[in-house]
């Protein structure tokens, strides 16, 4: 009961607006510290890989970008489903806010993957399971955003784009398992695998810092963007007047 | 320093990756802040219009 009250209160726009505003520095500052420390560790203190030499250092931006593009999609799809089922506008706002973030990291993942693939595999691109499904993820984000912008009416944009986001979830497990299902140029999972991570701590710790930093950065960015969405949606709400005076 | 930039011959793959990562991070921060600034600006303007309408009705 208490949880429900709390949830109900949080889903009220003015309350969310205040809470999210207070949370931003708590996400953003650790995110900045973790990313800077992780990148420094990845570029400077981690030893070169015995097989891939210095080229493996691309992992410190490539893998966290891949993770974020997937996590962001799951957040977007779950939020869209919640918005569709329970008609919670704030959930739709979160879904809409996630799309551009996810798209940018999906693109970062594809380009850094290409830059890594060239020296390791001898090709910029290959139409294999992992690469193709990640490209589809990027297009799903673009399609989602295009679909939203095609409607003038926000409620209809929310519903139509939510359906697209939910259908696209099928692609997420395909990306994850693609390296096991099909013969792929892409290497298997390094961190989450049977027998523990295939990396010594000097390589692993900076990578985990980048994962955590990217995730916290997403939280901070989502807070900022959802707040903006709330302002945009609550056009005539009386609580906005306080902002006008402040 | 030269050795560090060279990245064992992989510098031309490693540095563009990090450069693009920096660009994506900065774009995300910039665009989110711009969105918030615009939304706040619009909300303030709407509130000001609503307030002046109310004043006119009273007068």
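Protein chains in written order, with the numbering used here: chain A, 100 to 345; chain B, 2 to 60.
Just so it is clear, CB atoms sit at the ideal spot from N, CA and C, and this is done for glycine as well.
It should be emphasised that the depicted structure is a prediction, and the values quoted were computed from it without experimental measurement.
Proximal chain B residues relative to residue i, where beta-carbon distance stays under 7 Å
i: residue 153/A; result: 8, 9, 11 and 15
i: residue 160/A; result: 18, 19 and 22
i: residue 218/A; result: 11 and 14
i: residue 327/A; result: 36, 37 and 40
i: residue 132/A; result: Here the premise fails: no neighbours, minimum Cβ distance about 14 Å.
Min CB distance residue i to chain A below 8 Å
i: residue 27/B; result: no
i: residue 60/B; result: no
i: residue 34/B; result: yes
Neighbouring residues, chain A, relative to residue i (Cβ below 7 Å)
i: residue 53/B; result: Correct list: empty, because the minimum Cβ distance to chain A is about 11 Å.
Closer than 8 Å at the beta carbon, the chain B residues around residue i
i: residue 301/A; result: None at all; the shortest Cβ gap to chain B is about 17 Å.
i: residue 323/A; result: 33, 34, 36 and 37
i: residue 204/A; result: 25
7 Å CB neighbourhood of residue i in its chain, flanking five on each side removed
i: residue 16/B; result: none
i: residue 100/A; result: For residue 100/A, the predicted model reports a pLDDT of 47, less than 50, meaning its position is unreliable and no value from the coordinates is stated.
i: residue 129/A; result: 315
i: residue 319/A; result: 123, 126, 127 and 130
i: residue 272/A; result: none
i: residue 270/A; result: 232, 235, 236 and 239
i: residue 148/A; result: 155
i: residue 289/A; result: 296, 297 and 298
Residue-chain proximity (residue i, chain B), Cβ-Cβ < 8 Å
i: residue 289/A; result: no
i: residue 215/A; result: yes
i: residue 100/A; result: Caution applies to residue 100/A, whose pLDDT of 47 falls short of 50 and renders its modelled position unreliable; the value that the coordinates give is listed next. With 8 Å as the cut-off, residue 100/A does not count as an interface residue toward chain B.
i: residue 117/A; result: no
i: residue 330/A; result: yes
i: residue 157/A; result: yes
i: residue 211/A; result: yes
i: residue 199/A; result: yes
i: residue 183/A; result: no
i: residue 229/A; result: no
i: residue 180/A; result: no
i: residue 320/A; result: yes
i: residue 207/A; result: yes
i: residue 253/A; result: no
i: residue 147/A; result: yes
i: residue 339/A; result: yes
Whole-Å CB distance - residue i paired with residue j, under 8 Å assumed
i: residue 304/A; j: residue 120/A; result: Not confirmed; about 32 Å, so no contact.
i: residue 237/A; j: residue 202/A; result: 6 Å
i: residue 199/A; j: residue 32/B; result: 7 Å
i: residue 21/B; j: residue 314/A; result: Not quite, the Cβ-Cβ distance comes to about 19 Å (not below 8 Å), so this is no contact.
i: residue 240/A; j: residue 205/A; result: 6 Å
i: residue 138/A; j: residue 214/A; result: Their Cβ separation, rounded to whole angstroms, is 16 Å, which puts residue 138/A and residue 214/A out of contact at 8 Å.
Other residues of its chain near residue i: CB distance less than 6 Å, five sequence neighbours each side excluded
i: residue 174/A; result: 197
i: residue 3/B; result: none
i: residue 178/A; result: 190, 193 and 194
Close-in-space but distant-in-sequence residues of the same chain around residue i (CB under 8 Å, 5 per side omitted)
i: residue 50/B; result: none
Segments assigned alpha helix (DSSP H), at least 4 residues, entirely inside the segment 133-199 of chain A | Uninterrupted alpha helix (DSSP H) stretches at least 4 residues long and entirely within the segment 133-199 of chain A occur at 158-185, given in chain order.
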